[in-house]
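Numbering (my numbering), first residue to last: 1255 to 1408.
C-beta: ideal position from N, C-alpha, C; glycine also.
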């Protein structure tokens, strides 16, 4: 792939990746707003733990949140990769369609030119046929005169 092509693809890819990342972050935020086990609130996180057990629970909660965030990030990266592949395939399909359309247009132009050429050839042949018919008519007339002259001479 040329550098220009890579740049042309990278700009739309960046927009797609930004959109997907924003969607993933919104998804993570929406998932965190859903009821269920949630990590401690920010105010509780900043307050010092009262006991060692509370500190351990807070660490476990934060570790689970980190694991979920990493999983979400992996999922988002996989989706971005999939969409990048789909975009690439769509770009290839579009290029193929453009090539097919160009070929079809060229074929249509050649067919039109062929039809026009065939029409010119047909008119030319008709003109030649009329000329040949006139020549044949004149030849028949000359033949009749020659026979008539021959009979007179006998």
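Quick check: what's the CA-CA separation for residue 1406 versus residue 1386? The sequence position of residue 1406 within the chain shown is 152, counting from 1. The sequence position of residue 1386 within the chain shown is 132, counting from 1. If you take the alpha carbons of residue 1406 and residue 1386, they lie about 30 Å apart.
Report the three-state DSSP secondary structure of residue 1408 (helix, strand or coil). Start at 1 with the first residue of the chain shown, and residue 1408 comes out as number 154. In the structure shown, the three-state DSSP call for residue 1408 is coil.
CA-to-CA distance, residue 1353 to residue 1316, given in whole angstroms: Here residue 1316 refers to the residue found at position 62 when the chain shown is read from its first residue. Here residue 1353 refers to the residue found at position 99 when the chain shown is read from its first residue. Residue 1316 and residue 1353 have their C-alpha atoms roughly 55 Å apart.
Exposed or buried, residue 1393, counting other C-beta atoms within 10 Å across all chains shown (16 or more means buried)? As a working note, residue 1393 is residue 139 in the chain shown. The residue in question, residue 1393, is exposed, as its Cβ has fewer than 16 Cβ neighbours within 10 Å.
Going straight from the alpha carbon of residue 1319 to that of residue 1325, what length do you get? Taking the chain shown and counting its residues from 1, the one referred to as residue 1319 is at position 65. Taking the chain shown and counting its residues from 1, the one referred to as residue 1325 is at position 71. Distance between the alpha carbons of residue 1319 and residue 1325: 10 Å.
Quick one: what does DSSP say residue 1304 is sitting in, helix, strand or coil? On the chain shown, residue 1304 is found 50 positions in, with the first residue counted as 1. Looking at residue 1304 - three-state DSSP - the assignment turns out to be coil, as it is neither helix nor strand.
Please classify residue 1330 as buried or exposed, where buried requires at least 16 neighbouring CB atoms within 10 angstroms. Your numbering for residue 1330 matches position 76 in the chain shown. By the 10 Å Cβ count, residue 1330 comes out buried.
Count the other CB atoms, across all protein chains shown, that sit within 10 Å of the CB of residue 1292; report buried if there are 16 or more and exposed otherwise. In the chain shown, counting from the first residue as 1, residue 1292 sits at position 38. Below a pLDDT of 50, predicted positions are generally treated as unreliable, and residue 1292, at 48, falls in that range; the measurement from the model is reported next regardless. Within 10 angstroms of the beta-carbon of residue 1292 lie fewer than 16 other beta-carbons, which makes it exposed.
Expressed to the nearest angstrom, what Euclidean distance is found between the alpha-carbon atoms of residue 1372 and residue 1366? The residue labelled residue 1372 in the question sits at position 118 within the chain shown. The residue labelled residue 1366 in the question sits at position 112 within the chain shown. Approximately 10 Å between the Cα atoms of the pair.
Alpha carbon to alpha carbon, how far is residue 1327 from residue 1310? Give it in angstroms, no decimals. Taking the first residue of the chain shown as position 1, residue 1310 is located at position 56. Taking the first residue of the chain shown as position 1, residue 1327 is located at position 73. Roughly 25 Å separates the two Cα atoms.
Residues in the same chain with beta-carbon distance under 7 Å from residue 1361, minus the five sequence neighbours each way, listed in chain order, please. Translated into the one-based positions of the chain shown, residue 1361 becomes position 107. Excluding residues within five positions, none has a Cβ falling inside 7 Å.
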